[in-house]
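Per the numbering used here, residue 123 is the first one in the sequence shown, and the count goes up by one each step.
Glycine included, each C-beta is placed from N, C-alpha and C at the ideal position.
What follows is one structure encoded as structure tokens, with my remarks underneath.
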Amino acid sequence: KLLVDMSPEGLEHVFLADSGSVSVEVAAKMCLQYWRSLGRPEKHRLMTWRGGYHGDTWTPMSVCDPDGGMHDLWTGVLPRQVFADAPPADYDEAYAEHLRSAVERHAHELAAVIVEPVVQGAGGMRFHSPAYLRVLREACDAHDVLLVFDEIATGFGRTGALFAAEHAAVSPDVMCVGKALTGGYLTMAATLCTARVADGISRGEVPVLAHGPTFMGNPLAASVACASIELLLGQDWLAEVKRIEAGLREGLAPAAGLPGVQDVRVLGAIGVVQLDHPVDMAAATRAAVREGVWLRPFRDLIYTMPPYVTSDVDVARIARAVCAAASEG
Numbered sequence: 123k124l125l126v127d128m129s130p131e132g133l134e135h136v137f138l139a140d141s142g143s144v145s146v147e148v149a150a151k152m153c154l155q156y157w158r159s160l161g162r163p164e165k166h167r168l169m170t171w172r173g174g175y176h177g178d179t180w181t182p183m184s185v186c187d188p189d190g191g192m193h194d195l196w197t198g199v200l201p202r203q204v205f206a207d208a209p210p211a212d213y214d215e216a217y218a219e220h221l222r223s224a225v226e227r228h229a230h231e232l233a234a235v236i237v238e239p240v241v242q243g244a245g246g247m248r249f250h251s252p253a254y255l256r257v258l259r260e261a262c263d264a265h266d267v268l269l270v271f272d273e274i275a276t277g278f279g280r281t282g283a284l285f286a287a288e289h290a291a292v293s294p295d296v297m298c299v300g301k302a303l304t305g306g307y308l309t310m311a312a313t314l315c316t317a318r319v320a321d322g323i324s325r326g327e328v329p330v331l332a333h334g335p336t337f338m339g340n341p342l343a344a345s346v347a348c349a350s351i352e353l354l355l356g357q358d359w360l361a362e363v364k365r366i367e368a369g370l371r372e373g374l375a376p377a378a379g380l381p382g383v384q385d386v387r388v389l390g391a392i393g394v395v396q397l398d399h400p401v402d403m404a405a406a407t408r409a410a411v412r413e414g415v416w417l418r419p420f421r422d423l424i425y426t427m428p429p430y431v432t433s434d435v436d437v438a439r440i441a442r443a444v445c446a447a448a449s450e451g
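Put into structure tokens, the structure is as follows:
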């Protein structure tokens, strides 16, 4: 009930899962079973844009970036999905038309489009214009395709909106959440869907969603999730996120002048320094630890997503560590 009350409009049904990857598996299964229930089994593929990350289990791997993910290892066995180009940071009408055309061209076989809204996480920590979400919503509506938002990393206020979809004022047909759902204390995720999707599945030959993991809806994890959500909503979470955003903008600004730094970007409680070369993990880690901070760089990225309770002093300390890691890594 807490999830339904706080989520984008229309997401009225909740399926509890035990990890973010599994919530994406469930989302894909919902979409495929929906179309099978409606007698359209040919709509079985997923579309996404490049540069994304959706998890390490089977179906999520298939919609991760085909170059930066694990596709090469599983060539010939992973489901073949449809990939649009990665979204540019700013709105570009030519790219919007690219999205519209891709949805229209593949609509006959698409069960759903799945994307990370506004922020692509572990695929590259890229930010993009919320307007692309409206483009996808309109294209999916026009061509009878479901829309899935993976809010596992962006949900619960991380980008400065309770859910990143709110930046575009659109609602998906299916939404995945996790991570901050339990504050990281216990494993739990969830997949939400509209009444349309739930009713469609229920009208099929198999009138239930055929998915039932052992730890689905674990009572202890559910209690932790309730406590986490109530703690979030019981405070001025937006003020805290804006405070952290301001601290990261100030603290990471010096990194822009460092040799080898390609970009510095901040959105909500997310700070990213992108290098023009792969991070020297050992050197970057040593530099951060000297500041008393443990970071987890990957590829050419040094980033931070601090908890909302992080003090101004600690935000400044984290930013110094990121800058030091960028300087030496």
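Per DSSP, residue 410 lies in no beta strand (DSSP E); the unbroken alpha helix (DSSP H) holding it starts and ends at 403 to 412. Rounded to the nearest whole angstrom, the C-alpha separation of residue 135 and residue 275 is 20 Å.
Taking a contact as a CB-CB distance under 8 Å, the pair residue 319 and residue 156 counts as one, their CB atoms being some 5 Å apart. Residue 157 sits in a helix when the DSSP states are folded into three classes.
Cβ-Cβ separation between residue 296 and residue 314: approximately 7 Å, consistent with a contact (criterion under 8 Å). Per DSSP, reduced to three states, the secondary structure at residue 369 is helical. Relative to the Cα of residue 244, the nearest Cα in the group 298, 441, 423, 439 belongs to 423. Spatial neighbours of residue 229 in its own chain (CB-CB distance under 7 Å, excluding positions within 5 residues in sequence) are listed in chain order as 265, 266, 267. With a 10 Å radius around the Cβ and a threshold of 16 neighbouring Cβ atoms, residue 420 comes out exposed. Across the structure, residue 167 and residue 210 are spaced so that their CA atoms are roughly 24 Å apart. Counting C-beta pairs closer than 8 Å gives three or more between the region 173 to 185 and the region 221 to 238, which meets the contact rule. Going by C-alpha positions, residue 373 is about 7 Å away from residue 442.
Taking the C-beta atoms as reference points, residue 312 is found no nearer than 8 Å to residue 447.
Shortest Cα-Cα distance from residue 255 to any of 246, 215, 279 involves 215. The continuous stretches of beta strand (DSSP E) do not include residue 254, which lies in the alpha helix (DSSP H) extending over residues 253 to 264. Residue 327 counts as exposed, since fewer than 16 other beta carbons sit within 10 angstroms of its beta carbon.
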